[in-house]
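Contents: one structure, followed by commentary.
Protein chains in written order, with the working numbering: chain A, 1 to 353; chain B, 1001 to 1331.
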């Protein structure tokens, strides 16, 4: 299995584009997730579609409330109902529509074929179980292996994620470990059952920058080595630039731009992406000028109208933007998509300057 | 911009130590050690300057800020503010000082009282310090401050929960300005904000600095924000300053191995730059400040450490003009 995936990964990489004749590993089609709140219906995910190829790293980037985390939780059907509900859409994963599986089948997917790494390892690990038990439990549940085999595999997994002294660590509880070690444990659990895909939701946001670098380098090394695809959800544009092959930019529940990291950073075709890249100061250059912020606030998701949600903050908005939401359409580089009526006029070299 | 180095600094910190006792036992509490949050720091801030103070969690940067605000009484050392040692002031003397030194906190959610209207939040410092005693004039001043901070003056009648994170941070800034301070400690003032809002607040802080001749101590872990906003920067590690220089010197030509590791760990928002850049993340984690390593506190993680680093604590040395580093190996 791993060998096949490795070949597939290599193929995809040599062809240097998405979907080199192979079906994608994951295909999200028109996914909608709503929350019913006192203030009205919040369309947290409002019709998103994207694909992930085997072995590929795809970033979902956006600010708070853009729907990036909800979209990832929706893939695994982890939306609490009520108040949340996945109202439409397909999630094809390795040939099956995850939205149609029974709860029992879905449980086998979560932590089995799809691993998860969350932001806050302290709240996602069980405080009263040892590290070892949390890893072996996953293995026993999904693989049906006996305790001894699970123990051996747990030691092996800790080695894989760079934790020395595995025997001692397996007997410890989460509170005895640092944030960085806990996140390594999360990665070990995510990898325990040889997943094809790992979903990492802000995996390093709670960590210090030197530890963040250790964890991200480790995830990159292991996903490459094992041919595992990775969806990384983040607000950090630097992390995206370093680790992602393709990027989906989300705003107000929709993907507004999508493409390779290179295309999006060097020739963005959506006003939000352009503005986002211009609003961050650069560490690698002396200060050039005042920052160019995006004026205004993100919209209230209960009050969205039929027009483009970015329109009130957009410098390029025209009358048509109030009439309909622009669909994702090809713009810029091959494979690049932008949801803007004026994407063809926005040929700027942002990020520079 | 830069006054001559001889001009008297606005703030001068000498040999500052802040140790928090660690105790054990439920009834008979035994003192078993100290968290050495700040362990011998010297620092000056010039009038009108913005000094960045950077480092990872637990390095002591926030404790430094709290000592300068005298929210903590330092264990040892001097904090000379305009020539007066504020580490030794009593309560009454501190009140006068607090009109001149203000603070902006990280979290715009927990630093505003949810039961107070914005107008009363911003007006309160004036009442406490007896400026603008006339209620009508105070209301006018609150409206003016809101407007200076880019908010509609009518927000005075709102509660914090009716506002977004960026708007709340503007209220926190308006409150800090209420007494016309000359020095503001910004403790992670933009860290909790989304990037599009963060840029708005950074620009506001710059505008206010120019308009009111403010001096900032800008405590942050986001190095790119510090490079953008500050003139000089001090890098802290485990309670000590390991490097201090003009911003561009630190970011373009770092000297201390920790600073190099820290800068190398930050990915830049440019895939072309990142594709070229190979780096080896620094191994290990920050040791406990209760029992810091002997000698140089960074030696267990340092790639260039020699035997002496385990023994001798390096002092800050001026290795280049105006560029200080606490490392005995780099030259």
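Every residue, glycine too, gets a C-beta built ideally from N, C-alpha and C.
Any beta carbon of chain B sitting closer than 8 Å to that of residue 210 of chain A?
Yes, contact with chain B.
Anything in chain B within Cβ reach of residue 178 of chain A, meaning under 7 Å, just list it in chain order.
1285
Apply the 10 Å Cβ neighbour rule to residue 1316 of chain B and answer buried if 16 or more other Cβ atoms are within range, or exposed otherwise.
buried
Could you confirm whether any beta carbon from chain A is found closer than 8 Å to the beta carbon of residue 1291 of chain B?
no
Quick one: which unbroken beta strand (DSSP E) runs of 3-plus residues sit fully inside the region 1041–1108 of chain B? Chain order, please.
1050–1054, 1076–1081 and 1101–1104
Looking at the structure shown, is residue 1126 of chain B part of a helix, part of a strand, or coil, going by DSSP?
helix
Within the same chain, show all residues whose beta-carbon is closer than 6 Å to that of residue 322 of chain A, passing over the 5 residues directly before and after it, in chain order.
307
How far does the alpha helix (DSSP H) with residue 242 of chain A in it extend, from its first residue to its last?
237–243
Pick from A/309, A/66, A/294 and A/201 that is closest to residue 249 of chain A, judged by C-alpha positions
A/66
Does any CB atom of chain A fall closer than 8 Å to the CB of residue 1002 of chain B?
Since pLDDT at residue 1002 of chain B reaches only 46, below the 50 mark, its modelled position is unreliable, and the value read off the structure follows with that caveat. No, residue 1002 of chain B lies away from the interface with chain A (no Cβ there is under 8 Å from its Cβ).
Reduced DSSP secondary structure (H/G/I, E/B, other) of residue 131 of chain A
helix
List, in chain order, every chain A residue whose beta-carbon is nearer than 8 Å to that of residue 1261 of chain B.
210
Give a yes or no on whether 8 Å exceeds the smallest Cβ distance from residue 354 of chain A to chain B.
Lying outside 1 to 353, the shown extent of chain A, residue 354 of chain A is not represented and no answer is given.
Could you say which of B/1253, B/1200 and B/1297 lies nearest to residue 1229 of chain B if we only look at CA atoms?
B/1200
Short CB-CB distance (under 8 Å) between residue 345 of chain A and chain B
no
Is it buried or exposed, residue 1121 of chain B, if we count other Cβ atoms within 10 angstroms and call 16 or more buried?
buried
Residue 238 of chain A touches chain B at which residues, Cβ-Cβ below 7 Å?
1266, 1267, 1268 and 1269
Within 8 Å of any Cβ in chain A, is that where the Cβ of residue 1189 of chain B sits?
no
Mind listing which residues of the region 275–301 of chain A have their C-beta closer than 8 Å to chain B's C-betas, in chain order?
For chain B, the residues of the region 275–301 of chain A that bring a beta carbon within less than 8 Å of one of its beta carbons are 275, 276, 277, 279, 280, 281, 282, 283, 284, 286, 287, 290, 291, 292, 293, 294, 295, 297 and 298, in chain order.
From the DSSP output, in three-state form, read off residue 1269 of chain B for me.
coil
Neighbouring residues, chain A, relative to residue 1281 of chain B (Cβ below 7 Å):
210, 213, 214 and 217
On the criterion of 16 or more Cβ atoms from any shown chain inside 10 Å, does residue 336 of chain A qualify as buried, or is it exposed?
Residue 336 of chain A is buried by the Cβ-count criterion.
Just reading off the alpha helix (DSSP H) that residue 356 of chain A is part of, what are its end residues?
What the structure shows of chain A is the stretch from 1 to 353, and residue 356 of chain A is not part of that stretch, so it cannot be assessed.
Distance between residue 1260 of chain B and residue 96 of chain A (C-alpha atoms, nearest Å):
When rounded, the distance between both Cα atoms is 48 Å.
Unbroken alpha helix (DSSP H) run spanning residue 1249 of chain B, endpoints
From DSSP, the alpha helix (DSSP H) with residue 1249 of chain B extends over 1247–1252.
Could you list the residues in the region 148–177 of chain A with a C-beta less than 7 Å from some C-beta on chain B, going in chain order?
none
Using a Cβ-Cβ distance under 8 Å, would residue 1227 of chain B count as near chain A?
Yes, contact with chain A.
Less than 8 Å between the C-beta atoms of residue 1313 of chain B and residue 1299 of chain B, yes or no?
no
Does DSSP classify residue 310 of chain A as helix, strand or coil?
Judged by DSSP in its simplified three-state form, residue 310 of chain A adopts coil rather than helix or strand.
Using beta-carbon positions only, say whether residue 1234 of chain B and residue 1043 of chain B come within less than 8 Å of one another.
yes
Cβ contact (3+ pairs, closer than 8 Å) linking the region 1146–1159 of chain B and the region 1062–1078 of chain B:
no
Hey, out of A/79, A/231 and A/40, whose CA is closest to residue 59 of chain A's CA?
Nearest of A/79, A/231 and A/40 to residue 59 of chain A, Cα basis: A/231.
Do residue 1218 of chain B and residue 1053 of chain B have their CB atoms nearer than 8 Å?
yes
Does the beta carbon of residue 63 of chain A come closer than 8 Å to any beta carbon on chain B?
Chain B, which has a Cβ nearer than 8 Å to the Cβ of residue 63 of chain A, makes this yes.
Residue 1132 of chain B to residue 1119 of chain B span [Cα, whole Å]:
14 Å
Figure out for me which residue from B/1195, B/1237 and B/1232 has the closest Cα to the Cα of residue 1247 of chain B.
Of the candidates B/1195, B/1237 and B/1232, the one whose C-alpha sits nearest the C-alpha of residue 1247 of chain B is B/1232.
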